[in-house]
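Undergrad:
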Amino acid sequence: MGMCYSLRARLLGAHPSIAYGGEGEPHAGQLEHADPQLLHRLREELVAKEKADKKRSKSIDKTLKAEKREYKQTHRLLLLGAGESGKSTIVKQMRILHVNGFNAEEKKMKIQDIKNNIKEAIETIVTAMGNLAPPVELANPENQFRIDYILNLANQIDFDFSA
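Residue numbers for the sequence shown follow our numbering, so the first one is 154 and each next one is one higher.
1) Note down the Cα distance separating S210 from E198, rounded to an integer number of angstroms.
2) Alpha carbon to alpha carbon, what distance is there between A257 and N293?
3) Let me make sure I understand the geometry here. Which of L306, L230, K202 has the alpha-carbon closest to that of I271?
4) Could you please give the first and the last residue of the uninterrupted alpha helix (DSSP H) stretch that includes Q265?
5) H228 by DSSP, collapsed to three states: which one?
6) Cα separation between E290 and D301?
7) Assign L217 to buried or exposed, taking buried as 16 or more other Cβ atoms, counted over all protein chains shown, within 10 Å of its Cβ.
8) If you follow the alpha helix (DSSP H) that S238 is part of, which residue opens it and which one closes it?
9) Which value, in whole angstroms, describes the spacing of the CA atoms of T277 and N284?
10) Would you identify the three-state DSSP class for L217, choosing helix, strand or coil?
11) P294 by DSSP, collapsed to three states: which one?
12) What do you get for L230, buried or exposed, if any count of 16 or more other CB atoms within 10 angstroms of its CB means buried?
13) Helix or strand or just coil, what does DSSP make of A307?
14) Would you say K245 and F255 are within 8 Å of each other, going by their C-beta atoms?
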């Protein structure tokens, strides 16, 4: 029984070495008379190509699935606000914290800034304790020397924080 011509390209692929014995399309039964070794080799090539195509398709599907999972895990945030309200600052901070961060040298430089900010915040709190109405009293008066020490630090610009 002959092979349907419309399926020939799918089953065997287009191959120039099959002789049709004439011009144009092959007639029913012409492929049956082709070399059996050639047909076997063509079928093996077709099977190998289909395997490679399936493998590539699975790889693409796996990549798409991973990208979809990653997209679903992404948090989207809409920042609204007037101009100069800090929207871009938030974006920059998120990028610094979660994308590329600081290198070791930048971290060392920021440590001093953080320590200075902490020192200034403590000084502000201690100074404000007496200015509030009613004034905030120390629970333990023995800690007054600590407040005096902190207020003396406020005058030192080049204070060296101990490690």
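Every residue, glycine too, gets a C-beta built ideally from N, C-alpha and C.
TA: Judging by the given coordinates:
1) On the sequence shown, residue 210 is found 57 positions in, with the first residue counted as 1. On the sequence shown, residue 198 is found 45 positions in, with the first residue counted as 1. The straight-line gap from Cα to Cα measures roughly 18 Å.
2) Locating residue 293 in the sequence shown gives position 140, where the first residue counts as 1. Locating residue 257 in the sequence shown gives position 104, where the first residue counts as 1. Roughly 41 Å between the two C-alpha positions.
3) Sequence index remark: in the sequence shown, residue 271 carries index 118 (1-based). It is L306.
4) Taking the sequence shown and counting its residues from 1, one reaches residue 265 at position 112. It spans 257 to 284 - the alpha helix (DSSP H) in which Q265 sits, taken as one unbroken run.
5) Within the sequence shown, residue 228 is the residue found at index 75, counting from 1. The answer is coil: DSSP assigns H228 none of H, G, I, E or B.
6) The residue given as residue 290 occupies position 137 in the sequence shown. The residue given as residue 301 occupies position 148 in the sequence shown. So the alpha carbons of these two residues sit roughly 14 Å apart.
7) The residue given as residue 217 occupies position 64 in the sequence shown. Exposed, since its Cβ has fewer than 16 Cβ neighbours within 10 Å.
8) Taking the sequence shown and counting its residues from 1, one reaches residue 238 at position 85. First-last for S238: undefined, no H or E at that position.
9) Numbered from 1 along the sequence shown, position 124 holds the residue referred to as residue 277. Numbered from 1 along the sequence shown, position 131 holds the residue referred to as residue 284. If I take the Cα positions, the gap works out to 11 Å.
10) As a first step, residue 217 is located in the sequence shown; it is residue number 64 there, counting from the start. If DSSP states are grouped into helix, strand and coil, L217 belongs with the helices.
11) By 1-based counting over the sequence shown, the position of residue 294 is 141. Here P294 sits in helix by DSSP.
12) Position 77 of the sequence shown holds residue 230. Answer is exposed; the Cβ neighbour count stays below 16.
13) Your numbering for residue 307 matches position 154 in the sequence shown. The answer is coil: DSSP assigns A307 none of H, G, I, E or B.
14) Along the sequence shown, read from residue 1 onward, the residue named residue 245 stands at position 92. Along the sequence shown, read from residue 1 onward, the residue named residue 255 stands at position 102. The answer is no: Cβ separation not under 8 Å.
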